[in-house]
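S.K.: The structure's right below; bear with me while I get my questions together.
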Ligand SMILES: [Zn+2]
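Numbering (the working numbering), first residue to last: 3 to 423.
Dropping the structure here:
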């Protein structure tokens with residue numbers, strides 16, 4: 003009996019307990035209570051926040067956000083793991099578009115079902131996008147080069163965001179691309195035609211673009227042309243050889259040996275042109291036949307020195323030094339002879355390049371048409387207004403100008419006087 007009673011007690015307690023739990027689970031538990039909280043937007047991403055105020059007396063199995071660009075909220079971010087009441091949770095959504103409006107709501111799920119917070123929205127701000135700024139750092143605008151030179155082209159671009167692409171065009175033909183703000187290109191002009199070229203650099207930040215252009219002139223390579231001329235005349239000479247006539251090329255050029263004097267000078271007015279070859283230190287050696295036919299030795303009056311000049315300039319030199327021999331000038335109230343103003347005299351017939359620099363053209367001294375006076379202090383510009391007593395200025399006015407010379411002062415070479423014909 004006692005044993006039976008005990009069993010009844012146990013069963014009764016079990017039934018009671020089951021009933022209590024059942025009642026609790028039916029009547030005392032509920033869906034969670036969840037709120038949609040704030041959003042933090044940074045560039046193309048947004049961090050959504052939610053908070054579970056009440057778990058509903060059951061474990062939260064999962065929670066998160068539904069979101070999308072419409073209130074249909076077609077995207078879902080689901081979080082799992084233990085979450086306690088009144089602790090905010092968050093997730094970050096990425097790849098959002100500037101200017102677009104997004105909707106979102108928090109949710110939480112327990113055994114009783116899914117609960118939602120309110121639908122909220124936000125709009126991704128549109129940031130001001132400045133266009134890129136391109137500059138061509140090399141070469142400078144309006145550069146003139148000789149065919150065959152390599153032009154180092156450098157361009158750069160900056161942007162408030164990021165330069166995504168650069169491109170270089172020469173006469174609208176793409177030459178080089180870059181995927182950042184630096185672009186370099188070495189342009190070999192040996193195969194390009196002489197003429198004017200437009201160099202254009204562009205930059206793109208994905209939304210806006212910028213471009214800069216400069217122009218560049220490619221000159222014909224005269225050395226190449228000269229070689230062609232030499233070759234042509236060599237052929238004509240061979241062709242003419244059997245008749246044994248001495249060919250007289252145009253513009254008074256005479257030459258004896260093409261292979262020894264392969265280069266042809268420019269044509270210098272009445273003084274003609276000649277074949278020559280480069281030697282050392284910027285000097286040249288001129289076809290001796292041309293020298294024999296054109297260069298003469300004269301005695302300069304006054305200073306009584308023998309110099310070599312072009313036969314067509316001879317009279318001008320004698321005229322100028324006759325003025326110097328006989329003329330006077332008044333300096334600071336004192337009368338002086340022009341001859342006393344000539345301290346040194348250099349360079350009448352001197353076959354050489356300008357400034358003795360082989361990369362420059364030929365000096366007119368190579369034709370025996372120029373003379374340098376008082377070189378020491380006159381490789382410069384003389385300002386006649388400020389230096390009216392400068393000897394080279396006085397010699398220019400009183401001797402060289404009336405004798406048909408020009409003065410190198412205009413290109414800062416006030417020692418240099420030269421016959422132009
Ligand atoms: Zn000179």
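Glycine included, each C-beta is placed from N, C-alpha and C at the ideal position.
May I have the straight-line CA-CA distance separating residue 85 from residue 54, to the nearest angstrom?
M.R.: One-based indexing of the chain shown puts residue 85 at position 83. One-based indexing of the chain shown puts residue 54 at position 52. Spanning the two alpha carbons is a distance of roughly 8 angstroms.
S.K.: Give the DSSP bridge partners of residue 123, in chain order.
M.R.: Taking the first residue of the chain shown as position 1, residue 123 is located at position 121. DSSP lists 105 as partners of residue 123.
S.K.: Under a three-way DSSP split, which group does residue 417 fall into?
M.R.: By one-based count along the chain shown, residue 417 stands at place 415. Residue state, collapsed to three classes: coil.
S.K.: Taking only three categories from DSSP, how would you classify residue 267?
M.R.: Reading the chain shown from its first residue, position 265 is the one you call residue 267. Looking at residue 267 - three-state DSSP - the assignment turns out to be coil, as it is neither helix nor strand.
S.K.: Quick check on the burial criterion: 16 or more other C-beta atoms within 10 angstroms. Buried or exposed for residue 235?
M.R.: Counted from its first residue, the chain shown places residue 235 at position 233. With a pLDDT of only 40 at residue 235, under 50, the local geometry of the prediction cannot be trusted, and no value is derived from it.
S.K.: Classify residue 275: buried if its beta carbon has 16 or more other beta carbons within 10 angstroms, exposed otherwise.
M.R.: Your numbering for residue 275 matches position 273 in the chain shown. It counts as buried.
S.K.: Can you tell me the Cα-Cα spacing of residue 407 and residue 397, whole angstroms?
M.R.: For the purposes of this step, residue 407 is taken as the residue at position 405 of the chain shown. For the purposes of this step, residue 397 is taken as the residue at position 395 of the chain shown. Their Cα atoms are separated by approximately 11 angstroms.
S.K.: Closer than 6 angstroms from C-beta to any heavy atom of ligand 1: which residues, in chain order?
M.R.: Here the residues come out as 349, 367, 372, 374 and 418.
S.K.: Counting C-beta neighbours from all protein chains within 10 Å, is the total for residue 120 16 or more, i.e. buried, or is it exposed?
M.R.: Taking the chain shown and counting its residues from 1, one reaches residue 120 at position 118. It is exposed - the Cβ of residue 120 has fewer than 16 other Cβ atoms within 10 Å.
S.K.: Residue 163 by DSSP, collapsed to three states: which one?
M.R.: Indexing the chain shown from 1 puts residue 163 at position 161. Residue 163 falls in the coil class under three-state DSSP.
S.K.: Is the separation between the beta-carbon of residue 384 and that of residue 351 shorter than 8 angstroms?
M.R.: The residue labelled residue 384 in the question sits at position 382 within the chain shown. The residue labelled residue 351 in the question sits at position 349 within the chain shown. In this structure, residue 351 does not lie closer than 8 angstroms to residue 384 by Cβ.
S.K.: What does the alpha-carbon distance come out to for the pair residue 271 and residue 293?
M.R.: As a working note, residue 271 is residue 269 in the chain shown. As a working note, residue 293 is residue 291 in the chain shown. Distance between the alpha carbons of residue 271 and residue 293 is about 16 angstroms.
S.K.: Which residues in the same chain have their Cβ closer than 7 angstroms to the Cβ of residue 287, if we skip the five residues on either side of it in sequence?
M.R.: On the chain shown, position 285 is the one that residue 287 refers to. Hits under 7 angstroms: 278, 279, 281 and 353.
S.K.: Under 8 angstroms, with one C-beta from each stretch per pair, do the stretch 105-112 and the stretch 67-82 reach the 3-pair mark?
M.R.: Yes: the two stretches touch, three or more of their Cβ pairs being nearer than 8 angstroms.
S.K.: Tell me whether residue 364 is buried or exposed, calling it buried when 16 or more other Cβ atoms sit within 10 Å of its Cβ.
M.R.: Here residue 364 is taken as the residue at index 362 of the chain shown, counted from 1. Classification of residue 364: buried, given that the 10 Å Cβ count is 16 or more.
S.K.: Alpha carbons only, please: which of 195, 88 and 143 is nearest the one belonging to residue 151?
M.R.: Counting from 1 along the chain shown, the entry for residue 151 is found at position 149. Checked all of 195, 88 and 143; the closest Cα to residue 151 is 195.
S.K.: Since I believe residue 112 is in contact with residue 52 (beta carbons under 8 angstroms), could you give me their beta-carbon distance rounded to a whole number of angstroms?
M.R.: Position 50 of the chain shown, counted from the start, is the residue given in the question as residue 52. Position 110 of the chain shown, counted from the start, is the residue given in the question as residue 112. That pair is no contact at about 15 angstroms.
S.K.: Cβ of residue 314 within 8 angstroms of Cβ of residue 423?
M.R.: Your numbering for residue 314 matches position 312 in the chain shown. Your numbering for residue 423 matches position 421 in the chain shown. Yes, the Cβ-Cβ distance between residue 314 and residue 423 is below 8 angstroms.
S.K.: Determine the direct distance from the alpha carbon of residue 140 to that of residue 159, and round the result to whole angstroms.
M.R.: Locating residue 159 in the chain shown gives position 157, counting from the first residue. Locating residue 140 in the chain shown gives position 138, counting from the first residue. Their backbone Cα atoms lie some 13 angstroms apart in a straight line.
S.K.: Between the Cα of residue 187 and those of 193, 200, 171 and 199, spot the shortest distance and give me the residue it belongs to.
M.R.: Here residue 187 refers to the residue found at position 185 when the chain shown is read from its first residue. Of the listed residues, the one whose Cα sits closest to residue 187 is 171.
S.K.: Short check: CB of residue 210 to CB of residue 131, under 8 angstroms?
M.R.: Working through the chain shown from its first residue, we reach residue 210 at position 208. Working through the chain shown from its first residue, we reach residue 131 at position 129. It is a contact, given that the beta carbons lie within the stated cut-off.
S.K.: Helix, strand or coil for residue 1, going by three-state DSSP, please let me know.
M.R.: With the chain covering 3 to 423 only, the question about residue 1 has no answer from this structure.
S.K.: Using a threshold of 8 angstroms, state whether the C-beta atoms of residue 394 and residue 375 are closer than that.
M.R.: The sequence position of residue 394 within the chain shown is 392, counting from 1. The sequence position of residue 375 within the chain shown is 373, counting from 1. Yes, these two residues count as a Cβ contact at 8 angstroms.
S.K.: Identify which residue in 204, 223 and 70 has its Cα closest to the Cα of residue 134.
M.R.: Here residue 134 refers to the residue found at position 132 of the chain shown. Here the closest residue by C-alpha is 204.
S.K.: Enumerate in chain order the residues of its own chain whose CB-to-CB distance from residue 405 is below 7 angstroms, with the five nearest sequence positions on each side excluded.
M.R.: On the chain shown, position 403 is the one that residue 405 refers to. The residues are 318, 321, 322 and 325.
S.K.: Quick check on DSSP: helix, strand or coil for residue 326?
M.R.: The residue labelled residue 326 in the question sits at position 324 within the chain shown. Here residue 326 sits in helix by DSSP.
S.K.: Which stretch, first to last residue, makes up the beta strand (DSSP E) that contains residue 40?
M.R.: As a first step, residue 40 must be located in the chain shown, where it is residue number 38. Run containing residue 40: 35-44, per the beta strand (DSSP E) assignment.
S.K.: Measure the Cβ-Cβ separation of residue 214 and residue 136 and say whether it is below 8 angstroms.
M.R.: To locate residue 214, count along the chain shown from 1; it is residue 212. To locate residue 136, count along the chain shown from 1; it is residue 134. Yes, Cβ-Cβ distance for residue 214 and residue 136 is below 8 angstroms.
S.K.: Report buried or exposed for residue 419, applying the criterion of at least 16 other Cβ atoms within 10 angstroms of its Cβ.
M.R.: In the chain shown, the residue the question calls residue 419 occupies position 417. It counts as buried.
S.K.: At the level of alpha carbons, what is the spacing between residue 180 and residue 157?
M.R.: The residue given as residue 180 occupies position 178 in the chain shown. The residue given as residue 157 occupies position 155 in the chain shown. Cα-Cα distance, rounded: 10 angstroms.
S.K.: Here's the rule: buried if 16 or more other CB atoms are within 10 angstroms of the residue's CB, otherwise exposed. What is residue 149?
M.R.: Locating residue 149 in the chain shown gives position 147, where the first residue counts as 1. It counts as buried.
S.K.: Of all the options 93, 297, 340 and 411, which has the alpha carbon lying nearest to the alpha carbon of residue 273?
M.R.: Start at 1 with the first residue of the chain shown, and residue 273 comes out as number 271. Answer by Cα proximity: 297.
S.K.: In chain order, what residues of the same chain lie with their CB nearer than 7 angstroms to the CB of residue 34, ignoring the 5 residues before and after it?
M.R.: Counted from its first residue, the chain shown places residue 34 at position 32. Answer for residue 34: 54, 56, 57, 58, 62, 110, 112 and 117, listed in chain order.
S.K.: Would you call the CB atoms of residue 343 and residue 304 closer than 8 angstroms?
M.R.: By one-based count along the chain shown, residue 343 stands at place 341. By one-based count along the chain shown, residue 304 stands at place 302. Against a cut-off of 8 angstroms, the Cβ pair of residue 304 and residue 343 comes out as no contact.
S.K.: Is any heavy atom in ligand 3 found nearer than 7 angstroms to the beta carbon of residue 154?
M.R.: Ligand 3 is not part of the structure shown, which contains ligand 1 as its ligands.
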